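Okay, structure first, notes after.
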Amino acid sequence: QRRDVERLLLHSQCQVFCNGFFVYVFFFARARSPPTLLNKKCCQHKVSTAMKVKFNAGLVVLLASTCFAAKFPAGYTLCKQGDDKCLLDQIGATFTKHSQGIPEMNLVGLDPLKIEKMDIVQGGDGPINIVLNFKNVDLTGLSQSTVKKANGFTANPTKMEMAVLVPVASLVGGYKINGKVLILPIQGEGKSNMTMENCHIQLKWTGKLVEKAGKQFYQVDKLKATFDTTRFHMHFSNLFNGDKALGDNMNQFLNDNWQDILKELKPSIVTAFAQIFQRVVTNVFDKVPYAELYQ
Numbered sequence: 001q002r003r004d005v006e007r008l009l010l011h012s013q014c015q016v017f018c019n020g021f022f023v024y025v026f027f028f029a030r031a032r033s034p035p036t037l038l039n040k041k042c043c044q045h046k047v048s049t050a051m052k053v054k055f056n057a058g059l060v061v062l063l064a065s066t067c068f069a070a071k072f073p074a075g076y077t078l079c080k081q082g083d084d085k086c087l088l089d090q091i092g093a094t095f096t097k098h099s100q101g102i103p104e105m106n107l108v109g110l111d112p113l114k115i116e117k118m119d120i121v122q123g124g125d126g127p128i129n130i131v132l133n134f135k136n137v138d139l140t141g142l143s144q145s146t147v148k149k150a151n152g153f154t155a156n157p158t159k160m161e162m163a164v165l166v167p168v169a170s171l172v173g174g175y176k177i178n179g180k181v182l183i184l185p186i187q188g189e190g191k192s193n194m195t196m197e198n199c200h201i202q203l204k205w206t207g208k209l210v211e212k213a214g215k216q217f218y219q220v221d222k223l224k225a226t227f228d229t230t231r232f233h234m235h236f237s238n239l240f241n242g243d244k245a246l247g248d249n250m251n252q253f254l255n256d257n258w259q260d261i262l263k264e265l266k267p268s269i270v271t272a273f274a275q276i277f278q279r280v281v282t283n284v285f286d287k288v289p290y291a292e293l294y295q
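In terms of full-length UniProt numbering, the sequence shown has 78 at position 78, counting the first letter as 1, and numbering is strictly consecutive.
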């Protein structure tokens, strides 16, 4: 944490310096030429001033280099555009080694990935008709992910794709539910835990390069998510106003019929997660110019 704070302080100081330097250069360039040299003392003064200018210019280059280098944490490897093998390793390291987030890139913490609000609404005439609201929940397990695919990270990107395997992904936090599951009514509010085993997540998104402040940034237009899992566990506390017998029976019923329940809820879950991951991806691309994400 101390290193993160030091890097952030250095980056902020560099930004202040860089902004001040550009103002200085602007006014210096408009200044009048120095007076005509009249004697040896004046000549010596000119040489001394020139040496100071050269020294200051070197210092500027050094500090400016530090400013740009501070954008990425120590040990973070940049890949060449289109190098899918390198990108697999780089993105994988982002999940495993930088799961607490990368402030320099505006990347939020990934494990846990904190979700303030998420809604799953399943209506219609199907066997499941519920409104399930989550509040202040954590998605855990992404730090153990294995990145299986990373395509489309090219010089002129239009479509990008990423596939990730998460051994155990859990969504834990507050919930409120009301509706019907298969043939049974369900109602409750409290703490919940929804866990998926061997969760295969695919993210695909489209976008384009847009110019901002003279640099090219990648703008995400639409992100779609899909997932598959080999097991889906659910537990909702305080169902039916705290009736333990009814709550235990309902939780048992949900887990015994998880495949049918997940099949019905999947479209709503996919929509909710697509919105969450689009915000995560957009935060990074909005912060860093696209070309600076690569070698």
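Glycine is no exception: its CB is placed at the ideal position from the N, C-alpha and C atoms.
This structure is a prediction, so every number in the text was calculated from the model and none was measured.
Straight-line gap, residue i to residue j (C-alpha atoms, nearest Å)
| i | j | result |
| --- | --- | --- |
| L139 | Y294 | 29 Å |
| L262 | G152 | 31 Å |
| R2 | E116 | The predicted position of R2 is uncertain, since its pLDDT is 42 and thus under 50; no value can be drawn from it. |
| N178 | F232 | 20 Å |
| E189 | G174 | 8 Å |
| E161 | I186 | 37 Å |
| D193 | Q122 | Note that residue 193 is Asn in the sequence shown here, rather than Asp. Computed Cα separation, rounded: 19 Å. |
| H98 | L184 | 43 Å |
| A155 | E104 | 22 Å |
| L239 | K176 | 9 Å |
| P267 | F273 | 10 Å |
| L171 | Q252 | 18 Å |
| T206 | D286 | 15 Å |
| Q100 | G126 | 40 Å |
| V181 | A150 | 37 Å |
| L113 | N249 | 31 Å |
| L107 | V288 | 10 Å |
| N133 | K80 | 42 Å |
| Q90 | F236 | 37 Å |
| F227 | V137 | 19 Å |
| E292 | M196 | 36 Å |
| N255 | K191 | 17 Å |
| G82 | K212 | 23 Å |
| Y290 | N283 | 12 Å |
| P157 | N241 | 52 Å |
Among the options, nearest to residue i - alpha-carbon criterion
| i | options | result |
| --- | --- | --- |
| Q202 | F277, N255, D248 | F277 |
| A169 | E189, I128, V210, L110 | L110 |
| I269 | E197, L182, D119 | D119 |
| N129 | V137, E264, V210, V284 | E264 |
| V281 | Y76, F134, D84, F217 | F217 |
| C199 | G82, K191, V147, I102 | V147 |
| T271 | G141, M196, K222, G214 | K222 |
| L87 | M234, A163, K212, K208 | A163 |
| G141 | K159, I102, F72, T96 | T96 |
| Q144 | K208, Q219, G92, K135 | G92 |
| residue 329 | N257, M234, V220, F72 | This structure leaves residue 329 out entirely; the chain is present only between 1 and 295. |
Exposure label - residue i; buried when at least 16 CB within 10 Å
| i | result |
| --- | --- |
| L78 | exposed |
| A74 | exposed |
| V131 | exposed |
| V210 | exposed |
| L165 | exposed |
| T94 | buried |
| A245 | exposed |
| T230 | exposed |
| P167 | exposed |
| Q259 | exposed |
| Q275 | exposed |
| residue 310 | The first residue shown for the chain is 1 and the last is 295, placing residue 310 beyond what the model contains. |
| G124 | exposed |
| L62 | Bear in mind that a pLDDT of 42 at L62, under 50, signals an unreliable position, so the number given afterwards is only what the model happens to contain. Its Cβ having fewer than 16 others within 10 Å, L62 is exposed. |
| G247 | buried |
Span of the alpha helix (DSSP H) around residue i
| i | result |
| --- | --- |
| I183 | From DSSP, I183 is part of no alpha helix (DSSP H); its letter is neither H nor E. |
| V281 | 258-287 |
Endpoints, beta strand (DSSP E) assigned at residue i
| i | result |
| --- | --- |
| L223 | 215-228 |
| F232 | 231-236 |
Problem set entry | beta strand (DSSP E) segments (min. 3 residues) lying fully within the segment 82-164 | 113-122, 128-140, 146-151
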